[in-house]
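Worksheet: the structure to be examined is printed underneath.
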Amino acid sequence: MDKEYGESSALCPIILSEAGTFNSPVLVQCLPKNYFSVVMKLLVKYYVPKYHLWKLLGLTRNGFLEYLNKVYDWMSEGSSLIAVHPKTGKVLGFIIGSVVDTADGRKEQEKLVYYKSKEVQAVFDFYNFMYHSIDFNLVHNADIIYKIHVWMILPKVTRKSHIIYELFIALLKYCSINGTKTITTIATEEEQKYVAKCFGFQLIKKVNYREFFKDYYFDDGTAEDYCSGYFLSFIVDHARNKQTTIDTENKCIVLPQFKKQRKKLWQKDYWQKLFWQALSNDYLSPSKIKKYRPNNVLI
């Protein structure tokens, strides 16, 4: 069996996005156990070698194994999503994430793990610093948050934009079902510009890598590409909030409590209409918006 394929006959029954939402064959569901090994192999091949923090700090063999064990623990929590071809079972992309109650600080501290590898310990110290330095109840009036650890689309997949939006809309549905109001992620500068522009994430905190990882040696060439880490969040309720509007003249999102902050959307009006129609009207059934797809658009 090809390492990018799972057993389509044993797919998880929790379907979050029907095939064909954007006229592309994709089915999004909670990540089933029979796909764990497939996802791990794809992470090793495509994600880990390109992850910016490993480029900055390096990754030893022991650190590599420790990180993969942590990823497996995340997947085992049952909060991750996968996009597959509905007929072949081929993996198109996935989101590995966790649902966390930030109000129970003691519970969070108990979950802190100490690693043998210095670089892995440094990365997870950074993650913990970012999350524990933010009062989510104060910022977003929410204690239950969804952490996006990995958001990956396979490099060889065509129509990548379709898969990205399918996964995100399915994530909104998953969070809505579970009562999760806030989605969070940590990104590079380029990534934070993209997710803010395309999905309406808000920048909450920025940390300089040179200051945080001051005990580490940085390759000057790599350090220039990744100077800071950006903590971003998305409020799930905005997807159905009638006060959320789009400034069509300036092509930006106007959120109720962020009216002074205008985030530019992607340049194609087609994607703007398509994605926000799904969110504002009925993002739980995004396949209904296929009629908005113009015939002359080739992605």
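In full-length UniProt numbering, the protein residues as written are 1 to 299.
We treat Cβ as the ideally placed atom computed from N, Cα and C, and that holds for glycine.
As the structure is a computational prediction, the values presented were derived from the model and not from experiment.
May I ask you to report which of helix, strand or coil DSSP gives residue i?
i	result
CYS175	helix
GLY89	coil
GLY97	strand
CYS198	helix
ILE134	coil
VAL28	strand
LYS260	Per-residue confidence for LYS260 stands at a pLDDT of 36, beneath the threshold of 50, marking its modelled position as unreliable; no derived number is given.
PHE234	strand
VAL113	coil
SER37	helix
SER76	helix
GLY63	helix
VAL123	helix
LYS193	helix
ASN141	coil
ALA187	strand
ALA170	helix
LYS156	coil
TYR216	coil
Between residue i and residue j, what straight-line distance do the alpha-carbon atoms span, to the nearest angstrom?
i	j	result
LEU57	ASP215	10 Å
PRO32	GLY97	14 Å
ASN141	THR88	42 Å
TYR209	VAL39	29 Å
TYR67	HIS162	29 Å
TYR47	GLN29	21 Å
TYR230	LYS55	17 Å
ILE144	SER79	13 Å
LEU171	ASP101	18 Å
TYR114	PHE129	14 Å
HIS132	HIS149	16 Å
MET75	ASN34	11 Å
VAL207	ALA122	14 Å
LYS193	VAL44	26 Å
ILE177	ASP135	24 Å
HIS85	ALA103	38 Å
GLU190	LYS50	14 Å
VAL195	SER228	16 Å
Since residue i contacts residue j with CB under 8 Å, what's their CB separation in whole angstroms?
i	j	result
PHE168	PHE199	6 Å
VAL26	GLU166	5 Å
PHE36	TYR72	7 Å
TRP151	ILE95	5 Å
Which same chain residues, not among the five before or five after residue i, have their C-beta less than 8 Å away from its C-beta?
i	result
TYR127	ILE186
LEU154	GLU4, LEU42, TYR46, VAL91, LEU92, GLY93
VAL157	LEU92, GLY93, ILE163
Excluding sequence positions up to five away, which residues of its chain have a Cβ less than 6 Å from the Cβ of residue i?
i	result
TYR146	GLY97, VAL99, CYS175, THR180, ILE183
GLU77	SER98
Which same chain residues end up closer than 7 Å to residue i when comparing Cβ atoms and leaving out the 5 residues on each side of it in sequence?
i	result
HIS52	THR188, TYR226
VAL139	ILE204
ASN137	ALA103, ASP143
| Inter-stretch contact at 8 Å, needing at least 3 Cβ pairs: the stretch 228-237 / the stretch 175-185 | yes
| field | Cβ contact check for the stretch 112-131 and the stretch 57-70: 3 or more pairs under 8 Å | value | yes
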